[in-house]
Amino acid sequence: MLYLKQYEEGEDYTVNQYKKYDPDVLEKLHAEELSVLKEFIRVCKKYDLRYFALFGTNIGAARHQGFIPWDDDIDIGMLREDYEKLLKVVPEECQGRYRVVGPDCEEKFYNLVPHFCKTGTRFATNYDHGRYNMGIGMDIFVYDYLADDEKQRKKQVRLTSFWRSLYLVYHVDFFRNSVFKEGNLLPRLAAGAAHRILRRIPRADAFFYRQYLSHARAFRRKTAYVTQFCDTMALQSAIAWDELLPLRELPFEDIQICVPAEYDKLLTRVYGDYMELPPEEKRQNHYPYLLDFGDGHRICQED
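Residue numbers for the sequence shown follow the working numbering, beginning at 25 and rising by one.
Quick look at the structure:
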């Protein structure tokens, strides 16, 4: 089994970030994100594009039939062929009302996770302090073929992680960033120095992304597993084809959302007993630095 040598079932690999919202603000944010999800699903259905709920969104569908009450984002997975089709159809189909922001788009973001969002809104994270114009929306984790051979798999994960890290350091000053202000000083100084050096290199981020992409897409023939290399959970995100397809649907608020065929097995493998509510100290969200609904309702941590 692919996972046995990689991590123990239920082990927590995430960095905890959690801050309570004003209930009215979170309710409004959920409503806005749900409207974005509905538009995304409409486009996917029209063009036969496959997508599937991931992480907290999948847990939310299974446990709450909607958003996890304290969660504030939507995570969706797409196979690369479907994602690339999405990029082609969104400009004409959405007519500027919605757009995709990401490393392979004209409009960039600080990490390698593309974002489908509503134009005219803002959801700026504490990582970028409002430098990037990301709207309220949803993350899209692009799935590529994962090497079958164990040595090649480790190499693929290592190299995608290396180039992804350089891309991130180029865009984020980890020394000044408020998310890491309580971290160890020496690594923060080193990362901050690297950030300033890399910013002096013209189009360095484009080069880093091309290198990342060459390793993420290294295997063009179908392998036993697919995964996303966009963040640190490449091995935890790996899905066998019979675990992924055929997709099934679960209720999510007032709509149905697609999830992997064996979503229960996948969630249990990563989170353990995901149906049990975690204590507050283990809850996570992405409380924004700047939140703008585009209707005059704006919240900023510096206000």
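Cβ coordinates follow ideal geometry from the N, Cα and C atoms, glycine included. Just so you know, these numbers come straight off a predicted model, no measurement behind them.
Just to confirm my understanding: we take residue i, look at its own chain, exclude 5 residues before and 5 after, and list those with CB closer than 8 angstroms. What are they?
| i | result |
| --- | --- |
| V137 | G126, D163, I164, F165, C254 and D255 |
| D251 | The question names Asp, but residue 251 in the sequence shown is Thr. Taken in chain order, the residues that qualify are Y167, D168, L170, A258, L259, S261, A262 and I263. |
| I83 | I92, L291, Y295 and Y298 |
| R223 | Y194 |
| W187 | F232, Y233, Q235, Y236 and H239 |
| T247 | Y169, L170, A171 and D172 |
Look up residue i in the DSSP assignment and give the residues it is bridged to.
| i | result |
| --- | --- |
| P302 | Paired residues: none, contrary to the question. |
| Y122 | K142 |
| F147 | L315 |
| F76 | G101 |
Residues in its own chain within less than 7 angstroms of residue i by CB, not counting five upstream and five downstream?
| i | result |
| --- | --- |
| L58 | E277 |
| A240 | D168, T184 and F253 |
| F79 | D99 |
| R177 | L170 and A171 |
| G90 | G84, F276 and E277 |
| D229 | Y191, Y194 and H195 |
So residue i is in the beta strand (DSSP E); what residue range does that whole segment cover?
| i | result |
| --- | --- |
| I281 | I279 to V283 |
| D164 | Checking the sequence, you will find Ile at residue 164 rather than Asp. Run containing I164: G161 to L170, per the beta strand (DSSP E) assignment. |
| R322 | R322 to C324 |
| I100 | D99 to L103 |
| D2 | Because the chain in this structure spans residues 25 to 327, residue 2 falls outside the shown range and cannot be described. |
Would you say residue i faces chain C, with C-beta separation under 8 angstroms as the test?
| i | result |
| --- | --- |
| L271 | Of the protein chains in the structure, only one exists, and it is not chain C. |
Between which two residues does the alpha helix (DSSP H) carrying residue i extend?
| i | result |
| --- | --- |
| Q235 | A228 to A240 |
| C68 | P47 to K70 |
| T81 | F79 to I83 |
| I221 | L209 to L222 |
Validate contact between the region 300 to 312 and the region 79 to 96 using beta carbons, cut 8 angstroms, 3 pairs | yes
For the region 317 to 326 against the region 270 to 289, are there 3 or more C-beta pairs whose distance is under 8 angstroms?
-> no
Which runs of the alpha helix (DSSP H) spanning at least 4 residues fall entirely within the region 250 to 295, listed in chain order?
-> 265 to 268 and 287 to 295
Counting pairs of Cβ atoms below 8 angstroms between the region 64 to 82 and the region 108 to 115, do you hit three or more?
-> yes
Given 8 angstroms as the limit, is there contact between the region 137 to 150 and the region 216 to 230, that is, 3 or more CB pairs closer than that?
-> no
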